[in-house]
Amino acid sequence: AHVVVSYHSYAGAVFAGGCGTHGPTLRLAQILAQATGYDLPAEGWTAYPTTGGLADYLTDLGVAAAEIELTDRKHTEFERNLRGVLAVLTDVEDIVTARLPDAGGQAHWLGLDGEAWTASYYGSGTFPHPLSPVVMDGTLYFVDGGQLKALLPGVAEPPRTIAPPAGKVDGTPIQELLDLAALPDGSALILLDRDGEVYRCAPGTDRWTQEDWTALARTGGYYLTAVAADRRAIYFLDTNSGRIWRYVPDEEARAIVEIPRSRGIDLAADGRNLYVLWREIANERPAIVQFDATTGEQGWIVKKGLDYPTALWLDPRPGGPLYVLDSNDRRVLALARDTGDVLDEYLVLDREVTLRGGWPLDDRLLFVAPNALYLYPAVEGTPGFTLPDSAVNTFDPADLEYLRGFISPIAGIVLPERENSLPGAPRHYRHGVHQGFDLYAWPDGTQVTTSTEVRAVRDGVVIRADWDYENPSKSQMDEWLAKCRQLGYTPEEILDHLRGRQVWLDHGNGIVTRYAHLSAIAEGVEAGQEVQQGQVIGYVGNSGTPESLYNPDAEIHLHFEIRIGEHYLGQYLSPVEARRWLNRVIRW
Numbered sequence: 005a006h007v008v009v010s011y012h013s014y015a016g017a018v019f020a021g022g023c024g025t026h027g028p029t030l031r032l033a034q035i036l037a038q039a040t041g042y043d044l045p046a047e048g049w050t051a052y053p054t055t056g057g058l059a060d061y062l063t064d065l066g067v068a069a070a071e072i073e074l075t076d077r078k079h080t081e082f083e084r085n086l087r088g089v090l091a092v093l094t095d096v097e098d099i100v101t102a103r104l105p106d107a108g109g110q111a112h113w114l115g116l117d118g119e120a121w122t123a124s125y126y127g128s129g130t131f132p133h134p135l136s137p138v139v140m141d142g143t144l145y146f147v148d149g150g151q152l153k154a155l156l157p158g159v160a161e162p163p164r165t166i167a168p169p170a171g172k173v174d175g176t177p178i179q180e181l182l183d184l185a186a187l188p189d190g191s192a193l194i195l196l197d198r199d200g201e202v203y204r205c206a207p208g209t210d211r212w213t214q215e216d217w218t219a220l221a222r223t224g225g226y227y228l229t230a231v232a233a234d235r236r237a238i239y240f241l242d243t244n245s246g247r248i249w250r251y252v253p254d255e256e257a258r259a260i261v262e263i264p265r266s267r268g269i270d271l272a273a274d275g276r277n278l279y280v281l282w283r284e285i286a287n288e289r290p291a292i293v294q295f296d297a298t299t300g301e302q303g304w305i306v307k308k309g310l311d312y313p314t315a316l317w318l319d320p321r322p323g324g325p326l327y328v329l330d331s332n333d334r335r336v337l338a339l340a341r342d343t344g345d346v347l348d349e350y351l352v353l354d355r356e357v358t359l360r361g362g363w364p365l366d367d368r369l370l371f372v373a374p375n376a377l378y379l380y381p382a383v384e385g386t387p388g389f390t391l392p393d394s395a396v397n398t399f400d401p402a403d404l405e406y407l408r409g410f411i412s413p414i415a416g417i418v419l420p421e422r423e424n425s426l427p428g429a430p431r432h433y434r435h436g437v438h439q440g441f442d443l444y445a446w447p448d449g450t451q452v453t454t455s456t457e458v459r460a461v462r463d464g465v466v467i468r469a470d471w472d473y474e475n476p477s478k479s480q481m482d483e484w485l486a487k488c489r490q491l492g493y494t495p496e497e498i499l500d501h502l503r504g505r506q507v508w509l510d511h512g513n514g515i516v517t518r519y520a521h522l523s524a525i526a527e528g529v530e531a532g533q534e535v536q537q538g539q540v541i542g543y544v545g546n547s548g549t550p551e552s553l554y555n556p557d558a559e560i561h562l563h564f565e566i567r568i569g570e571h572y573l574g575q576y577l578s579p580v581e582a583r584r585w586l587n588r589v590i591r592w
């Protein structure tokens, strides 16, 4: 949908979703108010705070959405609202292409009836969720499905996967790549693995080496979520500590910038400045912040005009703009790197198209999307192409659209702000990757206890209930963790032990939820039993954790996983995308 109008009662007014921060939504509300005669409060939802959930949610997705509050609860006021609907149908194009009055830069409407681009389709399943695309020596590199892939734009061939022999670098297995950056001299790509490892790949030779990040930074407990490089240094975003590290070869890495923990999304560097993308948090808008790349001194900050950004990249040419992907991945802003002013705005009209990043190619822009590339402006006389679907059974994050209607597994608890508690975070003690999210406390800071009830998040059937579980001995735990260190990853059988006492529920269609580290299982919960949403199935604990062997009161929390087939919710997604999906799937 491009436009959604909902109805409620009773305030006798039109409310624009997103509090008037979305151009199409604001124009929709204006048209409705003019046609129906309802008031359009300048203060928006603040005048009537119980309204606005649906419209705000849709606006966050880039949909023009407004809610009409009828005058009372008795009358439908059909005629005046029919005038509103007809006015919307007449002015759909005006609504969809509207911009805020103070929007900067030039607008470019892409696809459908907007400005043309050259589209190349690679077939479903070829690269369903590309991350961090960069172009080096004419080749496009990106991360997809936890792997490094490469292709030649404009050539009708699927991407190739670049991997070290046996998937190992210096004996360490690559688990799931998360981000990459290209060195400006074209000599190598720097890649981050979700397990905390840092790799260097020379594309010309496909030679891989490993960087010992713990030795470089002399620190542990890190979660590196983004990397950038310029001609002088490599920069790492550590979301756990809220630090940005600057690393010059043959020197120790040093922290040059401190930002709020778990707020950083992405970063870019140009040799003089560092640009950091911050996500939105409660009562705080997202932002792009400029820092001096050597001293860490803050420069400009841009908040206005950002909705829900997910990625940042920089035109590598001198003076080229800074780009940010925003608005449910259907809008790209080009900013002046010296001032942060908006130069251009690229908006995708086709609701079926979402972008994942881009890169400048000569005098054009290459936009990277799931299984597709778009070159803007279109190349005359050079048509795009369509390749057949991939035969590889690849997990497609688009499948997550079918996940809805879950409740929080602990009443009153919301998704943690700390990224390390979410899916995809490293687990250094076992050389692995976190596959769920951890719930330790309520929003007021009250900690969960072993008497805290765990609920079924949706109707389902119990397929596992560990009534006979026994916590391991210290020697057994030491043996498991030693095995993980030896292998460089966590074998599935050891990971299952480390989850402790568990209950698994099957919700159909390949969806399974796992409730782990339980102290006890609720009476009557047995394999084969049907359970209802909200039913108590167990109690929070710390079973299976190393801490449980030394301090029974430590690390008490619920580890909760949502599985889709063989994958966990959050796999192959960036941290900010995983967070937003969890907030969509679960009603907190």
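The sequence shown begins at 5 in my numbering and counts up one residue at a time. Note that beta-carbon positions come from the ideal geometry of N, C-alpha and C, so glycine has one too.
When we look at the beta-carbon of residue i and count the other beta-carbons within 10 Å, is it buried (16 or more) or exposed?
i	result
tryptophan 471	exposed
valine 159	exposed
isoleucine 305	exposed
arginine 592	In the sequence under discussion, the amino acid at residue 592 is tryptophan, which differs from the arginine named in the question. Classification of tryptophan 592: exposed, given that the 10 Å Cβ count is below 16.
tyrosine 279	buried
asparagine 375	buried
leucine 90	exposed
histidine 79	exposed
glutamine 451	exposed
glycine 385	exposed
tryptophan 585	buried
valine 147	buried
lysine 153	buried
How is the beta strand (DSSP E) around residue i delimited, first residue to last?
i	result
proline 137	135-140
threonine 122	122-125
threonine 229	228-233
isoleucine 238	238-242
glycine 208	Premise fails: glycine 208 is in no beta strand (DSSP E) and is neither H nor E.
glutamate 71	68-74
leucine 339	335-339
valine 18	17-20
tyrosine 350	346-352
Let's see if you can read the secondary structure: which residues bound the alpha helix (DSSP H) around residue i?
i	result
valine 580	579-589
arginine 87	82-94
leucine 491	478-491
proline 28	27-40
leucine 220	217-221
Since I believe residue j is in contact with residue i (beta carbons under 8 Å), could you give me their beta-carbon distance rounded to a whole number of angstroms?
i	j	result
glycine 109	glutamate 349	5 Å
tyrosine 239	leucine 187	About 12 Å separates the two Cβ atoms, so there is no contact after all.
cysteine 205	leucine 195	6 Å
isoleucine 411	glutamine 537	6 Å
proline 207	leucine 193	6 Å
tyrosine 601	threonine 101	The chain is shown only over 5 to 592; residue 601 falls outside these bounds and no answer can be derived.
glutamate 201	valine 437	Not quite, the Cβ-Cβ distance comes to about 11 Å (not below 8 Å), so this is no contact.
isoleucine 292	glycine 344	7 Å
glycine 324	leucine 316	About 14 Å separates the two Cβ atoms, so there is no contact after all.
arginine 334	leucine 369	Actually they are not in contact, since the Cβ atoms of arginine 334 and leucine 369 sit about 15 Å apart, beyond 8 Å.
What does a CB cutoff of less than 6 Å around residue i pick up in its chain, not counting 5 residues either side in sequence?
i	result
aspartate 311	Asp330 and Ser331
arginine 235	Pro188 and Gly275
aspartate 296	none
arginine 567	Val516
glutamine 480	none
arginine 341	Leu326
Please go through the same chain and pick out, in chain order, the residues whose beta-carbon is closer than 8 Å to the beta-carbon of residue i, but skip the five residues on each side of it.
i	result
valine 535	Ala460, Asp463, Gly464, Val465, Val466, Leu509, Val529 and Ile541
asparagine 3	Coverage of the chain is limited to positions 5 through 592, which leaves residue 3 absent and any answer about it impossible.
histidine 112	Gly118, Glu119, Asp348, Glu349, Tyr350, Leu351 and Tyr380
tryptophan 121	Leu114, Gly115, Phe371, Tyr378, Leu379, Tyr380, Pro381 and Ala382
asparagine 587	Leu419
aspartate 393	Gly127, Ser128, Gly129 and Thr130
glutamine 38	Ala91
Residues in the same chain with beta-carbon distance under 7 Å from residue i, minus the five sequence neighbours each way, listed in chain order, please.
i	result
arginine 434	Leu485, Cys488, Thr494 and Leu502
arginine 468	Gln506, Val507, Trp508 and Ala531
alanine 59	Ser10, Phe19, Gly21, Ala69, Ala70 and Glu71
glycine 409	Arg462
threonine 390	Tyr125
arginine 103	Gly27 and Ala111
At 4 residues or longer, and completely inside the segment 495-576: list those alpha helix (DSSP H) runs for me, N to C.
Taking 4 residues as the minimum length, the alpha helix (DSSP H) runs contained wholly in the segment 495-576 are 496-502, in order along the chain.
Scan the segment 261-285 and note each continuous beta strand (DSSP E) run of 3 residues or more that stays entirely inside, going in chain order.
268-273 and 277-282
Could you give the uninterrupted runs of the beta strand (DSSP E) lying entirely in the segment 140-204, keeping only those of 3 residues or more?
143-148, 151-155, 164-166, 181-186 and 193-197
In chain order, which continuous runs of the beta strand (DSSP E) of length 3 or greater are located wholly inside the segment 436-462?
441-443 and 457-459
Any chance you could list the beta strand (DSSP E) runs of at least 3 consecutive residues sitting entirely within the segment 368-438, in chain order?
The qualifying runs are 368-373 and 376-380.
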